[in-house]
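Heads up: the structure comes next, in structure tokens.
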Amino acid sequence: MAISPSKAMNGERAVVLIFVLRVLSTLPLALLPHALSLSLLSLFSLVVEIRVDDSPSLFKTRPGASSGIILGAVTLPTVMLSKLIQLSRAVSLQQIEIGEVEHMTMQFWAASACSCGVLIFLFIVTWCAASNKNPHFSCSVWDAKFSLSCVILYSAVCCISLATISHTGFNTALKLLWLLCHGFATVKLIQHLLSTFPFCASIGEANLVTSGLVLYFGDMLACTISKVCRLLIPPELVSVRYGIKRSEIGIVIQGMLLGLLIFSAVFKFLIHLWEYFWGANNSESRERKEIWRSLIFLTSLGFIMIVVAPSWMMIVLDFDVHPVLWIFQFIFSEPFKRLSLCIYWLVLIYASVLRFYNISKNSKIERILLRKYYHLLAVLMFLPALIYQPKFLDLAFGAALAVFLVLEIIRVWRIWPLGQLVHQFMSAFTDHRDSDLIIVSHFSLLLGCALPIWMSSGFNDRPLTPFAGILSLGIGDTMASMVGHKYGVLRWSKTGKKTIEGTAAGITSVLAACSVLLPFLASTGYFLTQHWFPIFIAVTTSGLLEAYTTQLDNAFIPLVFYSLLCL
């Protein structure tokens, strides 16, 4: 049975469709297979989202949010495709090597495989649930045929595209196996995420997070395998190449995150081991046990971050010096500017946190509105640094993410003596999108500002792309919330809280910020290649997405805005 257009389309889906069509309209002919695969992925995700929305009790997702499947499925592949379009322009100008384009092509197909694997998993779950509920169920036969056709055609297009990639040294079968591993890993991870943290995320949010993690750490694994093969296998037998030349800051951040991933697994194992051998001894006081847990935490964290992770960076990624030493050398290469910036950040953070924490405890201001002040704080902190010290800001974002991750581990495990204090402090800034199990808002704000900046490293002929997160979250989202809360009357929907006045204010404020930022960037030496019409389309589309989506906007809006600014 076909799906009626009125049932298939709502505000969020319509904006996602505009987003995808805008990217597809700018594709060169050389990327036609990628356009076809993204189109098939979008159609398949639309069918799956409609079927999942018809069975909302199948998954323990965040209350008050739609499933967000189509948005979660297409966002990361579209980001990679937009970056691929940008790199294609660089190849035509002979500013990069073809290997970078082929590496990004592999990243695009890996991101697509992650989303496709999750979609297949969701479709099978909903199909089985519908069949068990009604043995004579037949209305999904059309869906099954259509979805199977999309998957088969998608696989064929993928094979054709992978056959043209030559720089890795792998044949097409091994590349397909690598993509299948990405899809399988994403499915297992999203199952674990939704079961371990029930009611903490929508399916679309979980899909975005798990796909990003698998893509990022899969890149680390591929680099490691490539290095091991080069060390163990003579080059005349097998020539294995993977990856591109990475910046020192990118290597440090990647190694730091890998270390924290290893640490979380090792710490959990050590705690279980300690409880198995010594936990049964109840003669020790509770306080003494907490001290032992803290010692295990600090010892394992220090060993992994100082010994294990740096060793991986130096062996696999050919990092010349110990990362800690390199960080100090980097900071003190321009000590006055970078230390002054650190002092500026610390003063802003101290004053803002002290002020807003007291307000959050005593004021009746809505929590979601109060948190928008932190979006403005992000503008004050990151905008000057991005203009005058962009490389140092890259490193600072990585350090801040590492600190946030460590603090979240301390909060979840209640590590003495900071665990309970961190939990009480973070709880003052939570809203309906957070829970006691995991608090994500500060992560999403940080990554929403950081990801466009990290992805803009290397070749970038669109000077506004690094500012995508700061503009969309720090200015657009903040103005939309404040104006909509105070002056909003006309609502986009009967059930939603977003207003037309707030959306108009958000779009107008971002356009005004761009009109100030572009001449300023030109005066500092940037060669401007962006025109106002594409900027207007990008700002309007991301503003409409903020108005219609019930997903975590800090996660999706910066990526959508970044993708459109790359075109």
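First residue of the sequence shown? That's 5 in our numbering, and the numbers climb one at a time after it. Ideal placement from N, C-alpha and C gives every residue a C-beta, glycine not left out. None of these values were measured; they are calculated from a predicted model.
Following the DSSP letters along the chain, one finds S43 inside the alpha helix (DSSP H) bounded by residues L36 to D57. Pairing V155 with C120 gives a Cβ-Cβ distance under 9 Å. Rounded to the nearest angstrom, the gap between the Cα atoms of P467 and F273 is 46 Å.
Ranking I102, I54 and S59 by CA distance to the CA of I73 puts I54 first. In this model, A313 and V232 are separated by some 16 Å (Cα to Cα). A distance below 9 Å separates the beta carbons of I474 and F386. V543 is the residue among E338, T214 and V543 whose C-alpha sits nearest the C-alpha of S476.
By the C-beta criterion, the region 449–464 is judged to be in contact with the region 380–397, since at least 3 inter-stretch pairs fall below 8 Å. DSSP places G492 in no alpha helix (DSSP H); its state is neither H nor E. A check of alpha carbon separations from V122 across V78, V105 and I89 identifies V78 as the nearest. Restricted to the region 80–140, the alpha helix (DSSP H) segments that are unbroken, complete and at least 4 residues in length are 102–137, listed in chain order. Membership of W182 in the alpha helix (DSSP H) is indicated by the continuous run T176 to T200. The residue among N211, S59, L183 and C204 with its C-alpha nearest the C-alpha of L193 is N211. Going by DSSP, R292 is part of the alpha helix (DSSP H) stretching over R290 to F307. Around I319, the same chain offers K231 as residues with beta carbons nearer than 8 Å, after the five sequence neighbours per side are excluded. When rounded, the separation of the alpha-carbon atoms in E101 and V95 is 7 Å. Counting along the chain, no alpha helix (DSSP H) covers N14, and no H or E run does either. Residues of the same chain with a CB within less than 7 Å of the CB of L40, apart from the 5 flanking positions on each side, are V161 in chain order. Where W420 is concerned, there is no enclosing alpha helix (DSSP H), because DSSP gives it neither an H nor an E. Judged by DSSP in its simplified three-state form, T554 adopts coil rather than helix or strand.
By the neighbour-count criterion, in which a residue is buried when 16 or more other Cβ atoms sit within 10 angstroms of its Cβ, T214 is buried. For the alpha helix (DSSP H) assignment, the uninterrupted runs of no fewer than 4 residues enclosed by the region 440–520 are, from N- to C-terminal side, 445–459 and 482–491.
Closest option to W417, judged by alpha-carbon separation, among I442, A403 and G402: I442.
Straight-line measurement puts the Cα of D57 at about 19 Å from the Cα of K498. DSSP places R26 in the helix class (H, G or I) of the three-state scheme.
Boundaries cannot be given for K249, as no alpha helix (DSSP H) includes it and DSSP labels it neither H nor E.
Taking C-beta separations shorter than 6 Å and ignoring five residues to either side along the sequence, the partners of I335 in its chain run R342, following chain order. Looking at H326, M309 and M486, the one whose alpha-carbon comes closest to that of V410 is M309. In this structure, the CA atom of I511 is about 36 Å from the CA atom of E252. Across the set D322, I504, A389 and I561, the C-alpha of A389 shows the shortest separation from the C-alpha of S344.
Taking C-beta separations shorter than 6 Å and ignoring five residues to either side along the sequence, the partners of S46 in its chain run V24 and V78, following chain order. Between F560 and T553 a beta carbon distance of about 7 Å is seen, short of the 8 Å cut, so the two are scored as contacting.
For L569 against A472, the beta-carbon gap comes to about 6 Å, under 8 Å, which counts as contact. By the CB criterion at 9 Å, S59 and T130 fall inside the cutoff. Within a 10 Å sphere around the beta-carbon of C518 sit 16 or more other beta-carbons, which makes this residue buried. Across the set A189, L302 and S461, the C-alpha of L302 shows the shortest separation from the C-alpha of V270.
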